[in-house]
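S.K.: So the sequence shown is numbered by my numbering: it starts at 201 and just counts up by one.
Glycine included, every Cβ here is placed at the ideal spot set by N, Cα and C.
All of these numbers come straight from a predicted model, not from anything done at the bench.
Can you read through this structure? Questions will come right after.
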Amino acid sequence: MLKLQRHLKLAGLVATALFVSACNPYQIKSAQNDFSTSTYTYRMASLHGENAKLRELWLEDSQGSIEAMSSKNLRYACDALMEIGDFREARTCLAALREQEPYDWMSEEFDETTHRYFSDALLARYHFLIGDYRQAIALADEVIENLHLKQDTWYKRRDPNFWYGQMTAGYAAGMSQIALGKSAISERYYRALDNHYNEGHWQDQDRKLYVTRRAEMLFVERRYSEALALLTGEESENTTSEKVASVLQHIQALGIAALVNKASTGDANLTGANRFAGNRHLHLYMVAKARLELGQREDAKAIYDSLLEKLKDASYNTFYWKAAHDRALIAQQEGDNELADRLFSMAIDALEEQRSTLTTDGNKISFVGDKQRLYQDYVAFLVDEQRYAAAFEYSDKAKARALVDMLANREFKSEGQSEAQQLYRELRDLQADSSVVAGIGTEQQKAEKTRALKRVYKKIETSNAQLSSLVSAETPSVSEVQQRLGDDEALIQYYKLKDHYHAFLLTHEGVRSYPLPQASVDEVDQAVGDFRQALMAVDNESYQLEAQALYDRLLRPMQSQLQQRKLILVADGALHYLPFAALHDGRQFVLQRHQLRALSAASVLTLLEQRDVRGQRLIALGNPDLGNPDLDLPGAEQEVKALRQLLSQAEVVTRQQATETRIKQLGEGYSVLHIASHGQFDASQPLASRLLLSADGSNDGVLTVGELYDLSLPAKLVVLSACETGLGDVKNGGDVIGLTRGFLYAGASSVVSTLWMVADETTKQLMLDFYRQLQQQSQQDIGEALTTAQRRIFRQVNPHPYYWAAFQLTGSI
């Protein structure tokens, strides 16, 4: 009887809502304002899992006046945009939500402060989804601490929207903890999640969301049995979608089917199964994953196959790639390598499609960071298949995307009228069309949009290689990278395959693959740290043991192929911090045999412009006045003044004139920028890593990596002879965010930086010799000039690697 009463109550509510909206529910205006779509329309679309429809409503309303949208509508839209994976629009939506007036038609309890924390809960989830885990935890902790009731009023305690903020924050923080390497989620985050269920006046869809979120948290802790019990227990109950569908069928039977069809916004009826698919699909994915992890492979396979067939709609690609990845592993285990290959490719394509909607560098890198397992599994599969060229390309794709995007994008930031810039804007306009992203509209409309996209992609592919790299998920092929290699060059790309480093050697002859059985990730990373520490002891040779051990692990397996070649090193993980020049084969240092330069990824080689800087103007900034005598660098001042004596066209700026503003206003005609100052690396916020310069009325003297991304420098060679300017934060994607990367994006093709602070006099000698060699060359080779200068310090000043191995070249020659 009670169950029947609930059904009748729900039927009454739905019938009333349909009667109110029968004229045209999409023309009803919000009670909060007269300009945006009604909250009822957003609510119904959210209830039915119509994420594509919610995105369409958001795009329509936001083009008018975002300020006119109610905060409830914004919440529904933001949730849907995150579910779809449209992170560009989600970020805009979340920013608008935070600035909007709080919704509360019952009292003033849900005040501006509470609304802000509620908005921050959604923002915490956004940061979790894009991989910015520390920021997600910081926001979530603040929300959990502050999002509480000022008064224990019955209607607030029963308001599911209030407790939704607690649940969202607990979920985002808990999941982020595991992503950062924690073995278990803090109990306080489970409590925040449980508050929604225990305290809130939840409805069926709220319970469904709670179960899904809690199962996910159990899931990432590898508590598969508990997660599966929770999920399968929920399956035994009627879901919201089943109840609503049943009610609507009863309404139709009463002869008011026209109202139902009027309320539905697409071609399908509200009773269509696709209306309720969103959470249900995630629910099924977790059931399949749990069964797979518990050894129930056949059951898992059947669910995955059904799920992948249903998930062709782009609305659900936030976890489509996960399902395809798992199914690929099953196919590989069963020996169906053709199917595994196809599924791996599908998973990566879906992942890359999501990545393309991220707009900032930090977001792109963070997003790819926790997705590396997919790339690693596919590269390992390709290596087992002895398809080394493809394995090389996908290892490069895993490492390259964020910086390749940026280097290509710097050509198209302006609103110029070149053919490439016009194509870029045309493509972005098409991609912003919800019918393209969400796959909505008639078959003819979708086909027309698809053809339009293909036409623009084709134009871009044939007219501009850099723009093609920016807008495509494709990175340059092996043959394209080979074309940029010199005849005497070899490229070594290191890549972490699960618990060991792996190496690919690329020359004009082809790609070779080298498993490195002695190079376990944990042991090598520890050895790199020990080696760097040993190098700081300049009065002994304790470093030699580690120098030879690291050579044996990382270079000896391919030694016969290296000969006397110039080496391009593409590091991974802690290898970014390793001074390869100081490794020792038992007879000599690597520096004595090879000329070295570094790249963050092989693909970058095709995007860096090589420009002759010999005889061009140089500007050198040294020993800026930082307002603290302890930070003065008299050696740096001597260094830049000596450059003026060596290079007649050099402009030297020191002390109060060595300002941040001087760099930002650097005019055309300066091809070389030399900075001798303090550098500071911030591991917790790598985009805040900085160079310290003099302050003035326009700038504070702190030039951060983030600020470099907004600059367009004419200098093609940047030399940073400051302490630790070559350091950066190594993300899970294998890339480094630091000053070197910032200057590459700002326009430099080559950056000389240091891995540690070297004695002033030695630095001055090396730098003077570097520029002297560069000017004397008949054909520019920045790498040769730097190597010659390092070798001279080795032979004539001090053979200890501390004095010469810190300097490294990144980029082109």
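F567: buried (16+ other C-beta within 10 angstroms of its C-beta) or exposed?
M.R.: Within the sequence shown, numbered from 1, the residue matching residue 567 stands at position 367. With a pLDDT of 44 at F567, under the threshold of 50, the predicted position of this residue should be treated as unreliable, and no value is reported.
S.K.: Can you say whether H708 is buried or exposed, counting buried as having 16 or more other CB atoms within 10 angstroms of its CB?
M.R.: Here residue 708 is taken as the residue at index 508 of the sequence shown, counted from 1. Per the 10 Å Cβ criterion, exposed.
S.K.: I believe R413 touches M367 by the beta-carbon criterion, under 8 angstroms. Please report the beta-carbon distance rounded to the nearest angstrom.
M.R.: Counting from one through the sequence shown, the residue named residue 413 turns up at place 213. Counting from one through the sequence shown, the residue named residue 367 turns up at place 167. Contact holds; Cβ gap of about 6 angstroms.
S.K.: Is DSSP giving A798 helix, strand or coil here?
M.R.: On the sequence shown, residue 798 is found 598 positions in, with the first residue counted as 1. DSSP places A798 in the strand class (E or B) of the three-state scheme.
S.K.: Would the beta-carbon of D832 fall within 8 angstroms of that of T859?
M.R.: As a first step, residue 832 must be located in the sequence shown, where it is residue number 632. As a first step, residue 859 must be located in the sequence shown, where it is residue number 659. Cβ distance not < 8 angstroms, so D832 and T859 don't count as in contact.
S.K.: With K841 as the anchor, note down where its beta strand (DSSP E) starts and where it stops.
M.R.: Reading the sequence shown from its first residue, position 641 is the one you call residue 841. Counting along the chain, K841 falls outside any beta strand (DSSP E), though it belongs to the alpha helix (DSSP H) covering P834 to L846.
S.K.: For L430, I'd like the list of residues in its chain whose CB is within less than 8 angstroms of its CB, leaving aside the five on either flank, ordered along the chain.
M.R.: Residue 430 sits at position 230 when you count from the first residue of the sequence shown. Same-chain partners within the cutoff: V411, R414, A415 and L418.
S.K.: Would L805 and L799 qualify as a contact pair, given that the criterion is a beta-carbon distance under 8 angstroms?
M.R.: On the sequence shown, residue 805 is found 605 positions in, with the first residue counted as 1. On the sequence shown, residue 799 is found 599 positions in, with the first residue counted as 1. For L805 and L799, yes; Cβs fall inside 8 angstroms.
S.K.: Can you name the start and end residues of the alpha helix (DSSP H) that Y504 belongs to?
M.R.: The residue you call residue 504 lines up with position 304 of the sequence shown. Per DSSP, Y504 belongs to the alpha helix (DSSP H) from R497 to K510.
S.K.: Closest to L685 by CA distance: which of E312, T904 and L808 is it?
M.R.: If you number the sequence shown from 1, residue 685 lands on position 485. For the residues E312, T904 and L808, the minimum Cα distance to L685 belongs to L808.
S.K.: Could you check which residue in L775, A781, L754 and R756 has the C-alpha nearest to that of K766?
M.R.: As a working mapping, residue 766 is identified with position 566 in the sequence shown. Per the Cα distances, A781.
S.K.: Might you give, ordered along the chain, the residues of its own chain that have their beta carbon closer than 8 angstroms to the beta carbon of M736, omitting 5 neighbours on each side?
M.R.: Position 536 of the sequence shown, counted from the first residue, corresponds to residue 736. These residues qualify, in order along the chain: W956 and Y1002.
S.K.: Per DSSP, V738 is paired with what?
M.R.: Taking the sequence shown and counting its residues from 1, the one referred to as residue 738 is at position 538. V738 pairs with nothing; no bridge assigned.
S.K.: Mind listing, in chain order, the continuous alpha helix (DSSP H) runs of no fewer than 4 residues lying wholly within the region 747–806?
M.R.: 759–762 and 790–793
S.K.: Output needed for A321: all residues of its chain with C-beta closer than 6 angstroms, excluding positions within five of it in sequence on either side, in chain order.
M.R.: For this step, residue 321 is matched to residue 121 along the sequence shown. Cβ neighbours of A321 beyond the five flanking positions: V343, G365, T368 and A369.
S.K.: Is it right to say A1006 is buried, meaning 16 or more other beta carbons lie within 10 angstroms of its own, or is it exposed?
M.R.: Counted from its first residue, the sequence shown places residue 1006 at position 806. Under this definition A1006 is a buried residue.
S.K.: May I ask you to report which of helix, strand or coil DSSP gives P676?
M.R.: Within the sequence shown, numbered from 1, the residue matching residue 676 stands at position 476. If DSSP states are grouped into helix, strand and coil, P676 belongs with coil.
S.K.: Going by DSSP, what residues sit across from Q1008 in a beta bridge?
M.R.: Along the sequence shown, read from residue 1 onward, the residue named residue 1008 stands at position 808. Paired residue(s): S953.
S.K.: How would you label T239, buried or exposed, when you count the other beta carbons within 10 angstroms and need 16 or more for buried?
M.R.: Walking along the sequence shown from the start, residue 239 turns up at place 39. Its Cβ being crowded by 16 or more others within 10 Å, T239 is buried.
S.K.: Apply the 10 Å Cβ neighbour rule to K698 and answer buried if 16 or more other Cβ atoms are within range, or exposed otherwise.
M.R.: Taking the first residue of the sequence shown as position 1, residue 698 is located at position 498. It counts as exposed.
S.K.: Going by alpha carbons, who is nearest to S912 out of L866, R480 and V872?
M.R.: Numbered from 1 along the sequence shown, position 712 holds the residue referred to as residue 912. The residue with the shortest Cα to Cα distance from S912 is L866.
S.K.: What does the alpha-carbon distance come out to for the pair R573 and F544?
M.R.: The residue given as residue 573 occupies position 373 in the sequence shown. The residue given as residue 544 occupies position 344 in the sequence shown. Rounded to whole angstroms, R573 to F544 spans 11 angstroms at the Cα level.
S.K.: So, at 8 angstroms on beta carbons, what are the nonlocal neighbours of V930 in its own chain, with the 5 sequence-adjacent residues on each side left out?
M.R.: The count along the sequence shown starts at 1 and reaches residue 930 at position 730. Confidence at V930 is low in this model, with a pLDDT of 43, below 50, so its placement is unreliable and the value that follows should be read with caution. Counting only Cβ-Cβ distances below 8 angstroms, and skipping sequence neighbours, we find G773, A774, H776, Y777 and V936.
S.K.: If contact is defined by three or more beta carbon pairs under 8 angstroms, each pair taking one atom from either stretch, is the region 867–880 in contact with the region 816–827?
M.R.: yes
S.K.: Please state if the CB of V951 and the CB of L920 are separated by a distance shorter than 8 angstroms.
M.R.: For the purposes of this step, residue 920 is identified with residue 720 of the sequence shown, where counting begins at 1. For the purposes of this step, residue 951 is identified with residue 751 of the sequence shown, where counting begins at 1. The answer is yes: Cβ separation under 8 angstroms.
S.K.: Look at the Cβ atom of Q977, then the Cβ atom of A989, and state whether they are nearer than 8 angstroms.
M.R.: Along the sequence shown, one-based indexing puts residue 977 at 777. Along the sequence shown, one-based indexing puts residue 989 at 789. No.
S.K.: Restricting to Cα atoms, I'd like to know which of Q335, L492, T292 and I503 is closest to S265.
M.R.: Locating residue 265 in the sequence shown gives position 65, where the first residue counts as 1. The candidate whose alpha carbon is nearest that of S265 is T292.
S.K.: List the endpoints of the continuous beta strand (DSSP E) containing S912.
M.R.: Locating residue 912 in the sequence shown gives position 712, where the first residue counts as 1. Note, S912: premise wrong, no beta strand (DSSP E); not H, not E.
S.K.: What is the DSSP secondary structure of P999, counted as helix, strand or coil?
M.R.: Walking along the sequence shown from the start, residue 999 turns up at place 799. If DSSP states are grouped into helix, strand and coil, P999 belongs with coil.
S.K.: Which value, in whole angstroms, describes the spacing of the CA atoms of T314 and L347?
M.R.: Position 114 of the sequence shown, counted from the start, is the residue given in the question as residue 314. Position 147 of the sequence shown, counted from the start, is the residue given in the question as residue 347. Roughly 6 angstroms separates the two Cα atoms.
S.K.: Which class does A245 belong to by DSSP, given the choice of helix, strand or coil?
M.R.: Here the question's residue 245 lines up with position 45 in the sequence shown. Three-state result, A245: helix.
S.K.: Are the CB atoms of A703 and Q718 within a distance shorter than 8 angstroms?
M.R.: What you label residue 718 is simply residue 518 of the sequence shown in a count that begins at 1. What you label residue 703 is simply residue 503 of the sequence shown in a count that begins at 1. No.
S.K.: Do A524 and L428 count as a contact pair if the criterion is CB distance below 8 angstroms?
M.R.: By one-based count along the sequence shown, residue 428 stands at place 228. By one-based count along the sequence shown, residue 524 stands at place 324. The answer is no: Cβ separation not under 8 angstroms.
S.K.: Does the Cβ of G938 have 16 or more other Cβ atoms within 10 Å, making it buried, or fewer, making it exposed?
M.R.: Within the sequence shown, numbered from 1, the residue matching residue 938 stands at position 738. Of the residues assessed, G938 falls on the buried side of the cut-off, its CB having 16 or more other CB atoms within 10 angstroms.
S.K.: Taking the DSSP output, what are the residues bridged to H874?
M.R.: Position 674 of the sequence shown, counted from the start, is the residue given in the question as residue 874. Paired residue(s): A820 and V919.
S.K.: Quick one: using the 10 Å Cβ neighbour count with 16 as the cut-off for buried, is V738 buried or exposed?
M.R.: Indexing the sequence shown from 1 puts residue 738 at position 538. V738 counts as exposed, since fewer than 16 other beta carbons sit within 10 angstroms of its beta carbon.
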